[in-house]
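Participant:
Protein chains: 2
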Amino acid sequence: MYEIMLCLSGDEKKNLYEQIYEYIRGEIRQGRIRCGERLPSTRLLAEQLDVSRSTAQMAYEQLLSEGYIEAVPCKGYFVCEMDELYHLEQDLSVSEERTEEKAENCRYDFTPNGIDLDHFPYAIWRKLSREVLKDDQKELFHLGDPKGEYALRKAICSYLHQARGVNAQPSQIVIGAGNDYLQMLLSRMLGTKQRIAMESPGYRHAYDIFQRLGYDCCTVSMDRSGMNMKELGESGADIAYVMPSHQYPMGIVMPVRRRQELLQWAAMKEERYIIEDDYDSEFRYVGKPIPSLQGSDTCQKVIYIGTFSKSITPSLRISYLVLPAGLLERYEQVGRSFSCTVSRTDQKMLQLFMERGYFERHLNKMRALYRNKHDILLAQLKQMQGIKKIFGERSGVHLLVQMADKRTEKELADCAWKAGIRVYPLSEYSLNGSSCEATMILGYATMKEGEIREAAELLGKSWEKKI
Amino acid sequence: MYEIMLCLSGDEKKNLYEQIYEYIRGEIRQGRIRCGERLPSTRLLAEQLDVSRSTAQMAYEQLLSEGYIEAVPCKGYFVCEMDELYHLEQDLSVSEERTEEKAENCRYDFTPNGIDLDHFPYAIWRKLSREVLKDDQKELFHLGDPKGEYALRKAICSYLHQARGVNAQPSQIVIGAGNDYLQMLLSRMLGTKQRIAMESPGYRHAYDIFQRLGYDCCTVSMDRSGMNMKELGESGADIAYVMPSHQYPMGIVMPVRRRQELLQWAAMKEERYIIEDDYDSEFRYVGKPIPSLQGSDTCQKVIYIGTFSKSITPSLRISYLVLPAGLLERYEQVGRSFSCTVSRTDQKMLQLFMERGYFERHLNKMRALYRNKHDILLAQLKQMQGIKKIFGERSGVHLLVQMADKRTEKELADCAWKAGIRVYPLSEYSLNGSSCEATMILGYATMKEGEIREAAELLGKSWEKKI
């Protein structure tokens, strides 16, 4: 029988039983106690080490539960048989990532992504959070409906109906943590055998995600009404991903006729679908909002995807699908197992935000704010020398500019860069590498009004010189 | 030229321009204005309808932007050509779901899922939320790191190291909205060609999710040390999904030897991985926590998946992966595109909750609480007549009971049900339909201590009668 030679220290942070357990474990691991060897009884061990019997018992129980020793009735404790031992030391070669962003020498950034966060309704959000996190809201801490909370889906339906002409019932809504996740979920419902046609220039992130999900993605070029129908027809695609209300980045609003052509294309085959990405239709500065494509769909062919990333904040991580009837069944079969990815308290806060009219007020405030920024930028650009064409304005938070001279996008971007301004060449949004006339994208959401004025003036000068 | 015959009403809610726009749109849709037809100029229209010229202009612009009409320079406005029109009326046959749960005649529910929410730290959570939702935390409202916030990943690492013996750096952690989502993300990194071996009886939800994700899942039966290695070897699987710290539902703690065998099995082929689901290891009532399998893995073979669903609340929707080095590269290639599914404010709240010691205190409180419930149930069961064996106790929030007589699980469940008690037959957790000795699962997290006492007593009586 193996004898325990351990010197217990009384002032260590560890309990006595832990010291005994760790000592014996170490001895076993290092092979100093051989397998099959019998350990002293708890009574004997307690005597040897001058500890209580229950301390010895606890040490053995830990070794038992981790499988180092086993208890044989009426015989005692024995060291288990085990093969060559793994060691805890681990290869720590995994390199630590850098967390800092590289600081750029950029004074003004005309990024078309990003939103104005100076006017986020922090106080209201705090108030709602206080209300939702009360003890009497206990049911909110249980797991909720996989589709998302019914009350929030109802609020979304009613918003979509009024603001976007979307015809949907709460049962058709599936809430998820961001568009990427919803694309993933959608791929479970649709399968990944279909070819997906994407607009080019277009939204590269959605294209990348579909590719990562295993889809065969093809690109279809844009004419002035949107996705080119002839090319779509010849592409062999069965799913078309479009942004009819305000195409990103071209800013095109798809006219009724092209919408009908698209719907007819979809109606021609049972498995065809249109994915309508309605990412920033809330912001339209002239006239009424353009109704959604989904609202004109009588054949249950449009899968509508909406988000609160642009209208509230991207960090909220709440998007939603509006599924056509045919896919609802598929959702029940394959999608319902996946638990909802948005916390119930966040859902409840958004629901109250919508129900109590805060969302509408926030949208109106932001629309006015973005319209001002839009108007300032547009006014400045119209004074600028050498501009040939401005388009994609009146909606969203970016517009596009073409210069009259023959400079390339790179030359224009370089000129701007030297003046401390970042602008975005359209060709970067081309998904098929095809080039077009040099066009620069200017986003204005993240800059303050004064900054837009300064930046546009500076930009004008930087582009002027070379003409 | 088409003449507009419209009677404008001044007291309607709609603007004049909207009334004009809607009227003309209706005329076009119903074919009363033919395609190619010229509309009156804005000057003429304004005169005809006695409105301002800008009102007429706005109505036309809306029609232009939606593609109903087009402007031909120096000629005027013409109705666009369009095919047979779709109508907005939609088939509203999608049936509305029922939102109420069916009320069950069940007084006591020994569910092994669910947690005790009476002791959720609502006040602290509210305090943190107030702090996080301040205006000066603006950066929290931008989109964050796809892996999750660095500071939270660091807090998780340090917790995992101390409490679970997990060796990881923050770069190895990927935060996501729940295990289902993380399984989905993992499937992007691993591909779906492998066969996955699952423990049976086991965690059916994870099994279903893997199947939905397109995996070929097989089941391996459990012996008293956990997953049967011989069966695993013969299964043809390259991924083993195990719960070594406290198997669900069997309650088995995998002994060191079986852990080593598993690690050796994984080391034999490059593409082999072990997924360690460490779902409720925080709750262990006797001795120290069982260290994680990941901590003994020297070959970068263990993918660790952890969650705050059991330790904080399932509605929080925060889980995480600890990726081995080999998969980190794969993550960079295919996983990084997917934006993080957890909102940054929720991440920040959890980070502060962990950093400031609230999490530790909460765990200690809950452990004591569950231990009490565990002890009460165990004491009651030990007094119960006709019980042959109790196992899976000392950890987690459920235990298992076998009766000495030959009644089937159904008979036992029916007896309990008649007394208003819901218990859970083990065979429901069998993933391969194989049967074993009649065993009932009793979870005790959601009941109050008094209820556990009452329920166990009542259960004893309901099972006694038939012996």
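Top line first, the protein sequences correspond to chains F and V. Per the numbering used here: the first sequence = residues 2 to 468. Per the numbering used here: the second sequence = residues 2 to 468. Even for Gly, the Cβ is constructed at its ideal location relative to N, Cα and C.
#1: Taking the alpha-carbon positions, what's the V/I276 to V/A238 distance?
#2: Measure from the alpha carbon of V/I210 to the alpha carbon of each residue in V/P122, V/H375, V/R423, V/I197, then state which is nearest.
#3: Helix, strand or coil for F/L322, going by three-state DSSP, please let me know.
#4: So the beta strand (DSSP E) V/H399 belongs to, where does it begin and stop?
#5: Counting only C-beta atoms, is V/G358 closer than 8 Å to chain F at any point?
#6: Exposed or buried, V/C107, counting other C-beta atoms within 10 Å across all chains shown (16 or more means buried)?
#7: Just the Cα atoms here: how many angstroms apart are V/V424 and V/A414?
#8: Looking at the strands, I want to know which residues DSSP matches up with V/R423.
#9: With a cut-off of 8 Å, do at least 3 Cβ pairs link the stretch 434-445 of chain F to the stretch 389-402 of chain F?
#10: Assign V/R337 to one of three DSSP states: helix, strand, or coil.
#11: So with CB distances below 7 Å, who are the chain F contacts of V/C158?
#12: Please return the same chain residues whose Cβ sits closer than 6 Å to the Cβ of F/V52, not counting the five positions on each side in sequence.
#13: Can you list the residues of chain V that F/L144 reaches, using a CB-CB cut of under 7 Å?
#14: For V/W126, which residues in chain F fall below 7 Å Cβ to Cβ?
#15: Leaving aside the five residues before and after V/E283 along the sequence, list all residues of the same chain whose C-beta is less than 6 Å from its C-beta, in chain order.
#16: Rounded to whole angstroms, what's the CA-CA distance from V/G149 to F/Q301? Just pull it up for me.
#17: Assuming V/V335 contacts F/R213 under a Cβ cut-off of 8 Å, what Cβ separation, rounded to an integer in Å, is found between them?
#18: Rounding to the nearest angstrom, what Cα-Cα distance links V/K270 and V/S338 in this structure?
#19: Which of the three DSSP states is assigned to V/E71 in this structure?
#20: Give a yes or no on whether 8 Å exceeds the smallest Cβ distance from F/Y87 to chain V.
#21: Is the stretch 367-383 of chain F in contact with the stretch 151-166 of chain F, if contact means three or more CB pairs nearer than 8 Å?
#22: Less than 8 Å between the CB atoms is what I'm expecting for V/G234 and V/W266, so what's the real figure, rounded?
#23: Could you tell me the distance, in whole angstroms, from the CA atom of V/I125 to the CA atom of V/I319?
#24: Below 8 Å between beta carbons: does that hold for F/L50 and F/I5?
#25: Verify the CB distance criterion: does F/M448 have a CB-CB separation below 8 Å to chain V?
#26: How big is the Cα-Cα spacing for V/I253 and V/F392?
#27: As a quick exercise: from F/Q348, F/S66, F/S344, F/G296, pick the residue whose alpha carbon is nearest that of F/V323.
#28: Going along the chain, which unbroken runs of the alpha helix (DSSP H) with 4 or more residues stay wholly within the stretch 139-205 of chain V?
#29: Can you give me the Cβ contacts of V/R44 inside the same chain, cut-off strictly under 7 Å, excluding the 5 residues immediately before and after it?
#30: Considering just the uninterrupted stretch of the alpha helix (DSSP H) at F/K462, what are its terminal residues?
#31: Compare the C-beta of V/E28 against all C-beta atoms of chain F and say whether one is closer than 8 Å.
#32: Could you give the first and the last residue of the continuous alpha helix (DSSP H) run that contains V/K374?
#33: Which class does F/S222 belong to by DSSP, given the choice of helix, strand or coil?
#34: If we define contact as Cβ-Cβ less than 8 Å, is V/E82 a contact residue for chain F?
#35: Quick check on this structure: which residue in V/I29, V/T56, V/F142 has the alpha carbon closest to the alpha carbon of V/L9?
#36: Is there a C-beta anywhere in chain F that falls below 8 Å from the one on V/K311?
Facilitator: In brief:
#1: Near 12 Å, if we compare the C-alpha coordinates of V/A238 and V/I276.
#2: V/I197
#3: strand
#4: 399-404
#5: Not an interface residue.
#6: exposed
#7: 6 Å
#8: V/D110
#9: With three or more CB-CB distances shorter than 8 Å, the stretch 434-445 of chain F counts as touching the stretch 389-402 of chain F.
#10: coil
#11: Simply none; closest approach about 11 Å.
#12: L17, listed in sequence order.
#13: P315, S316
#14: L134
#15: If we look at V/E283 and ignore the five residues flanking it on each side, its Cβ neighbours are S312, L364.
#16: 37 Å
#17: Going by Cβ atoms, the distance from V/V335 to F/R213 rounds to 5 Å, so yes, they are a contact pair.
#18: 28 Å
#19: strand
#20: Confidence at F/Y87 is low in this model, with a pLDDT of 42, below 50, so its placement is unreliable and the value that follows should be read with caution. Interface residue, yes.
#21: no
#22: 7 Å
#23: So the two alpha carbons sit approximately 18 Å from each other.
#24: Cβ atoms of F/L50 and F/I5: closer than 8 Å.
#25: So, not an interface residue.
#26: 9 Å
#27: F/G296
#28: 151-165, 180-191
#29: Result list for V/R44: R54, in chain order.
#30: 450-465
#31: no
#32: Run containing V/K374: 359-384, per the alpha helix (DSSP H) assignment.
#33: strand
#34: yes
#35: V/T56
#36: no
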